[in-house]
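Asks: Numbers 31 to 156, taken from this note's numbering, label the letters of the sequence shown in order. A virtual CB, placed ideally from N, CA and C, is assigned to each residue, including glycine. Remember, it's a predicted structure, so these values are computed and weren't measured experimentally.
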Amino acid sequence: MKSPGRALISNYLFIPAARKKKVELPLKLLTIGDFSHGKENRPLSEREKINVNKNNFNSVLSEFSPEVNLSVPNTLAGNGEEENVRLRFTDIKDFEPEQVARQIPQLRAMLAMRNLLRDSQIQSAR
Numbered sequence: 031m032k033s034p035g036r037a038l039i040s041n042y043l044f045i046p047a048a049r050k051k052k053v054e055l056p057l058k059l060l061t062i063g064d065f066s067h068g069k070e071n072r073p074l075s076e077r078e079k080i081n082v083n084k085n086n087f088n089s090v091l092s093e094f095s096p097e098v099n100l101s102v103p104n105t106l107a108g109n110g111e112e113e114n115v116r117l118r119f120t121d122i123k124d125f126e127p128e129q130v131a132r133q134i135p136q137l138r139a140m141l142a143m144r145n146l147l148r149d150s151q152i153q154s155a156r
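Printed below as a string of structure tokens:
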């Protein structure tokens, strides 16, 4: 039985002279990399490992504050120019589409306009 919020991998074991058996394995990942933004000088092999789970994910994410810098086409202006975009993540909710959009000035302005329109529709409906 699957529990909500948990990823399971189904694997069929083939045992000679026996029936196949379905086994569900929990999803476990090992990620190795330099996530220190250049603040750490020691080799990866000498650094302390960090156990990340559902209970400490936000605090670990906040501590490392990963960010990504991109150069993307400005499709809103339609002039073929590139925009530099910096996205920072300090909480799991920062990965939600609206939160990502709030980090991009042009999209943040569009979200504000959307919210104003929605609020005015609510006001006029009353």
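Specify the secondary structure class of Lys52 as computed by DSSP and reduced to three states.
Replies: Strand at Lys52.
Asks: Taking only the alpha-carbon atoms, compute the straight-line gap between Leu147 and Gly110 and give it to the nearest angstrom.
Replies: Cα-Cα distance, rounded: 29 Å.
Asks: May I have the straight-line CA-CA distance separating Phe94 from Arg138, to the nearest angstrom?
Replies: Between Phe94 and Arg138, the C-alpha separation is close to 24 Å.
Asks: In this structure, what does DSSP give as the bridge partners for Leu117?
Replies: Val98, per the DSSP bridge assignment.
Asks: Return yes when the Cβ of Arg77 is within less than 8 Å of the Cβ of Glu97, no when it is not.
Replies: No, the Cβ-Cβ distance between Glu97 and Arg77 is not below 8 Å.
Asks: Starting from Val152, trace the alpha helix (DSSP H) in both directions and tell me its first and last residue.
Replies: According to the sequence shown, residue 152 is Ile rather than Val. Note, Ile152: alpha helix (DSSP H), 135 to 155.
Asks: Hey, out of Asp124, Leu74, Leu55, whose CA is closest to Arg91's CA?
Replies: The residue you asked about is not Arg; residue 91 is Leu in the sequence shown. Closest option to Leu91, Cα to Cα, is Asp124.
Asks: With distances taken from CA atoms, which of Thr120, Glu112, Ser75 is nearest Asn86?
Replies: Nearest of Thr120, Glu112, Ser75 to Asn86, Cα basis: Thr120.
Asks: Nearest to Asn83 by CA position, among Leu60, Met140, Gln129, is which residue?
Replies: The shortest C-alpha separation from Asn83 is found at Leu60.
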